[in-house]
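In this note's numbering, the protein residues as written are 430 to 681.
Written as structure tokens, this is what we have:
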């Protein structure tokens with residue numbers, strides 16, 4: 430009997446597979462060059478990688494910055510992360526998709542760790558995180574996100590998934606504008622093992638600085654609770670906007 434996530438891959442098939450790094454972007458001029466420089470530096474040792482930047486109608490220099498690097502730049506007609514991720518996946522040539530936020534920096538061994546995980550049969554997963562901050566509350570937040578017992582996984586942890594699993598689960602739900610990462614992971618877990626890797630992604634604390642640590646953490650708690658209770662995307666997004674007083678489009 431075939432076990433969950435067993436797609437009968439040949440030995441070592443994924444160890445050399447192309448990884449498509451998909452970065453949804455909207456007004457990320459302050460972080461995008463830092464990420465792309467790191468990716469280009471790390472990718473010099475591995476030619477079987479591609480970077481796809483999906484721009485969601487940025488009004489700053491994000492597109493100009495992306496064009497300076499060896500990336501596939503896609504203009505999205507819709508500014509919504511779930512839509513942009515799906516659009517990037519359509520252009521991806523890799524057997525493995527790696528969705529990465531613009532304000533995050535992947536660990537040095539990210540492509541090795543992802544390929545090994547997939548080859549071992551865990552064809553989806555994410556990394557642990559470390560905030561680029563010494564604040565004790567953010568360190569506690571990282572511990573919560575790292576916990577293997579957590580029912581939730583977040584986009585800043587860097588979601589990787591094989592194209593086969595991504596296609597089988599139907600991709601991101603485009604009616605979800607918030608917690609779309611947790612929603613797709615919930616569906617992925619039904620058909621595949623999910624692996625939380627030990628390496629850490631460095632995450633910018635900018636949202637906490639912008640909104641306030643306590644206010645944002647409380648909003649996350651309420652939205653997470655609503656998600657666990659199977660609330661729909663509209664209620665979750667409305668609650669987040671009320672609690673954070675955030676009116677503009679969410680893509681961060």
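Backbone N, C-alpha and C fix where the C-beta goes; we use that ideal spot for every residue, glycine too.
Which one of the options has the shortest CA to CA distance from residue i?
{"i": "residue 549", "options": "622, 467 and 584", "result": "622"}
{"i": "residue 524", "options": "479, 669, 601 and 646", "result": "479"}
{"i": "residue 584", "options": "674, 555 and 659", "result": "555"}
{"i": "residue 482", "options": "455, 474 and 489", "result": "455"}
{"i": "residue 460", "options": "475, 529, 600 and 471", "result": "529"}
{"i": "residue 507", "options": "606, 618 and 650", "result": "606"}
{"i": "residue 464", "options": "500, 541, 641 and 443", "result": "500"}
{"i": "residue 631", "options": "558, 597, 650 and 614", "result": "558"}
Rounded C-beta distance between residue i and residue j? I'm assuming under 8 Å.
{"i": "residue 458", "j": "residue 491", "result": "5 Å"}
{"i": "residue 653", "j": "residue 581", "result": "6 Å"}
{"i": "residue 527", "j": "residue 449", "result": "7 Å"}
{"i": "residue 600", "j": "residue 515", "result": "5 Å"}
Quick one: using the 10 Å Cβ neighbour count with 16 as the cut-off for buried, is residue i buried or exposed?
{"i": "residue 504", "result": "exposed"}
{"i": "residue 643", "result": "exposed"}
{"i": "residue 609", "result": "buried"}
{"i": "residue 531", "result": "buried"}
{"i": "residue 639", "result": "exposed"}
{"i": "residue 517", "result": "buried"}
{"i": "residue 445", "result": "exposed"}
On the DSSP bridge assignment, give the partners of residue i in chain order.
{"i": "residue 629", "result": "557"}
{"i": "residue 450", "result": "480 and 527"}
{"i": "residue 623", "result": "553"}
{"i": "residue 591", "result": "525"}
{"i": "residue 503", "result": "483"}
{"i": "residue 516", "result": "DSSP, once it has assigned bridges, lists no residue as partnering residue 516."}
{"i": "residue 534", "result": "631"}
**Report entry** In chain order, each alpha helix (DSSP H) run of at least 4 residues that lies wholly inside the region 471 to 498
**Finding:** 491 to 495
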